[in-house]
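So the sequence shown is residues 673 to 965, counted in my numbering. From the three backbone atoms N, C-alpha and C, an ideal C-beta is built for every residue, glycine too. Predicted, not measured: the structure shown is a model, and the values here were computed from it. Here's the structure we're looking at; comments come further down.
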Amino acid sequence: MLITRTISKTRAVIAQARAQGERIGFVPTMGYLHEGHLQLIDIAKQHSDFVVVSIFVNPTQFGPHEDFASYPRDFERDRKLCEARGADLIFAPEVSEMYPERSLITFHIEKLADRLCGARRPGHFNGVVLVVSKLFNIIQPDVAVFGQKDAQQLIIIKRLVQDLNFPVKIISAPTVRESDGLAMSSRNVYLNPEQRAQSTVLYRALQRAKALIESGERDAQRIISEMEKLIATASEARIDYIEIVSVRDLQPIARLDGQVLIALAVYFGKARLIDNIVLEVAGDQVREIPALP
Ligand code: AMP
């Protein structure tokens with residue numbers, strides 16, 4: 673496995689792989705890898721011959737009071753995990769390599785960033801689409817894999833690729849969970865033992881929503897109220913949002929119909945955890961969609 677720190681070296685290594693007829697797969701990450709990330713590598717390997725993992729804590733997607741400085745980092749551990757999982761290249765640039773100057777060109781995202789994390793983290797998705805666009809231009813992958821755990825990000829990236837004609841196929845991967853249901857996240861290390869024990873309430877709230885919908889409930893506000901009640905039983909939890917939106921445009925819906933995203937963000941101490949499920953509701957039929965096509 674190779675490691676590159678510069679854009680020019682990365683381009684040279686990938687050009688060589690491509691010259692040998694290899695298809696390039698790409699898994700962008702912020703590092704501090706866990707099994708969720710590693711399953712993205714597995715999926716990338718199924719769709720390509722040469723898998724590039726980027727490890728870059730991207731400053732432009734963090735707000736001024738967010739955890740950019742304290743975000744967990746451990747390159748040596750990440751290197752071993754990527755190597756064991758069969759990645760071919762880690763691209764791990766310094767901030768100065770990616771942003772020698774502040775970017776004067778930025779994005780404006782309509783609709784898709786209005787709600788959910790986009791509403792609570794102003795500018796976050798502009799930073800995400802900026803860095804992902806730069807990475808796509810540096811790596812020029814044939815396929816790129818993103819996790820459904822960050823459903824709003826996944827939907828925005830798919831639209832980025834469509835609107836700007838990036839020649840890359842986006843593949844989504846189901847959320848990987850701990851055995852008690854907590855979605856794996858690099859930020860889970862922020863949790864103390866009490867918060868970690870209580871954090872299972874997020875997945876339980878999503879499962880409660882699903883059960884209500886399966887038993888016929890279609891009123892979004894009633895479902896959200898039930899989820900709020902359940903999460904309120906966790907003394908350390910502070911709800912940032914619970915929303916039910918349509919997958920198509922990420923706008924809120926009053927009554928459930930079609931593909932719906934049930935998403936939440938909840939603070940436990942300084943850890944802001946997100947999770948979601950996607951359901952397809954058609955008449956009285958309800959089906960979970962683990963990875964958006
Ligand atoms: P991050 O390092 O948090 O920026 O995440 C990098 C990629 O890994 C994104 O596409 C995430 O959606 C994905 N990811 C993070 N956590 C999980 C998880 N628990 N299951 C599946 N994918 C994940």
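Handout entry: Rounded separation between Arg690 and Phe698 - CA only
Key = Near 13 Å, if we compare the C-alpha coordinates of Phe698 and Arg690.
Handout entry: Check whether Ser720 and Ile696 have beta carbons under 7 Å apart
Key = Yes.
Exercise for the section: Please indicate yes or no: does the CB of His737 lie closer than 6 Å to some heavy atom of the ligand AMP? Expected result: Relative to the ligand AMP, the beta carbon of His737 is positioned no closer than 6 Å to any heavy atom.
Exercise for the section: Reducing DSSP to helix, strand and coil, say where Glu811 ends up. Expected result: The question names Glu, but residue 811 in the sequence shown is Ile. Ile811: helix per DSSP, three-state reduction.
Handout entry: As assigned by DSSP and simplified to three states, the class of Glu915
Key = Look at Glu915 here: in three-state DSSP terms it is strand.
Problem - Cα-Cα separation, Arg969 to Glu766 - result: Lying before the first or after the last residue shown, residue 969 is absent from the chain, which here runs from 673 to 965.
Practice task
Measure the beta-carbon distance from Gln627 to Gly790 and round it to whole angstroms, keeping in mind my assumption that it falls under 8 Å.
Solution key: The shown model of the chain, from 673 to 965, leaves out residue 627, and the question about it has no answer.
Problem - Buried or exposed (CB count within 10 angstroms, at least 16 for buried), Glu960 - result: With fewer than 16 Cβ atoms within 10 Å of its Cβ, Glu960 is classed as exposed.
Handout entry: Secondary structure, beta strand (DSSP E): runs of 3+ residues fully inside the region 820-874
Key = Correct list: 841-845.
Practice task
Check whether the Cβ atoms of Val919 and Gln931 sit closer than 7 Å, and answer yes or no.
Solution key: In contact: Val919 and Gln931 (Cβ atoms closer than 7 Å).
Exercise for the section: Return yes when the C-beta of Gly853 is under 6 Å from any heavy atom of the ligand AMP, and no when it is not. Expected result: No, the beta carbon of Gly853 sits no closer than 6 Å to any heavy atom of the ligand AMP.
Problem - Where Ser726 falls: helix, strand or coil (DSSP) - result: In this structure, Ser726 counts as strand in the three-state DSSP scheme.
Handout entry: Inter-stretch contact (C-beta, 8 Å, three-pair minimum) for the region 820-827 and the region 938-948
Key = In the pairwise beta carbon analysis, the region 820-827 is classified as touching the region 938-948: at least three pairs are separated by under 8 Å.
Problem - Top-ranked residue by Cα proximity to Leu802, from Pro865, Leu902, Asp750 and Val833 - result: Checking every option, the nearest Cα to that of Leu802 belongs to Val833.
Practice task
Output yes or no for whether 7 Å exceeds the beta carbon distance between Gln711 and Val840.
Solution key: The answer is no: Cβ separation not under 7 Å.
Problem - Three or more C-beta pairs below 8 Å linking the region 884-898 and the region 846-865 - result: The count of Cβ pairs closer than 8 Å, one atom from the region 884-898 and one from the region 846-865, stays below three, leaving the stretches out of contact.
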